[in-house]
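Presented below is the structure to which this report refers.
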C-alpha cells in the first residue's frame with residue numbers, strides 16, 4: 008500500500024527459466040532435422056530413379072542393335088513384315104513402320120526397358136521407351152550393312 012491508502016502498482020519483470028527455452032526449441036529443432044532427412048532421402052531416391060531410367064534406356068539401345076543383327080542375319084534376304092514384327096517383339100519392341108525395297112529395309116521400332124521407380128510410398132515398376140530407325144542395306148558383296156539411329160520423337164501408330 009502506498010502512503011495515501013491506495014494500492015501501489017508494482018511492475019515485475021519475469022525472466023523465463025532455461026527449461027522453458029528448451030521446451031520451445033526442442034520441437035523446432037526436431038522438425039528441422041526431420042525435414043532435412045526427408046529432403047536428403049528424396050534427393051537420393053530421385054538420383055537413383057534417374058540412374059535406373061538411364062540404365063533402362065541403355066538397354067533399349069542394346070535391344071535395338073540386337074534386333075538389327077537378327078534381321079540382318081535372315082537367310083534369303085530381308086524378311087517380310089510379320090517376321091520382322093515378331094523379331095521386334097522378341098526384343099521387347101513394337102514395329103511402328105516397315106518399308107522394303109529391292110536392296111534395303113527401313114524399320115522404325117519402339118523398344119522399352121523396365122526399371123524400378125522408388126518413392127517414399129514404395130517401389131513401382133516403370134518402363135522407359137525409345138524409338139530407333141534401323142536401316143539395312145545390302146552392299147555390293149551381298150552382305151547387309153546396318154545403321155541404327157535413335158529418334159528424338161516416337162510417332163506411335
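Numbering (the numbering used here), first residue to last: 8 to 164. All C-beta atoms, glycine included, are put in the ideal place defined by N, C-alpha and C.
In the DSSP assignment, residue 78 falls within the alpha helix (DSSP H) that extends over 25-79.
The DSSP-derived three-state label of residue 91 is helix.
By the neighbour-count criterion, in which a residue is buried when 16 or more other Cβ atoms sit within 10 angstroms of its Cβ, residue 157 is exposed. In the displayed model, residue 97 falls within a helix according to three-state DSSP. Residue environment: residue 130 is assigned as exposed (fewer than 16 neighbouring CB atoms within 10 Å of its CB, all protein chains considered). Secondary structure note for residue 113: its beta strand (DSSP E) is the uninterrupted segment 111-126. Residue 71 holds the alpha-carbon nearest to the alpha-carbon of residue 142 among 33, 43, 71.
By the neighbour-count criterion, in which 16 or more other beta carbons inside 10 Å mark a residue as buried, residue 27 falls on the exposed side. By the C-beta density criterion, residue 45 is exposed, having fewer than 16 other C-beta atoms within 10 angstroms.
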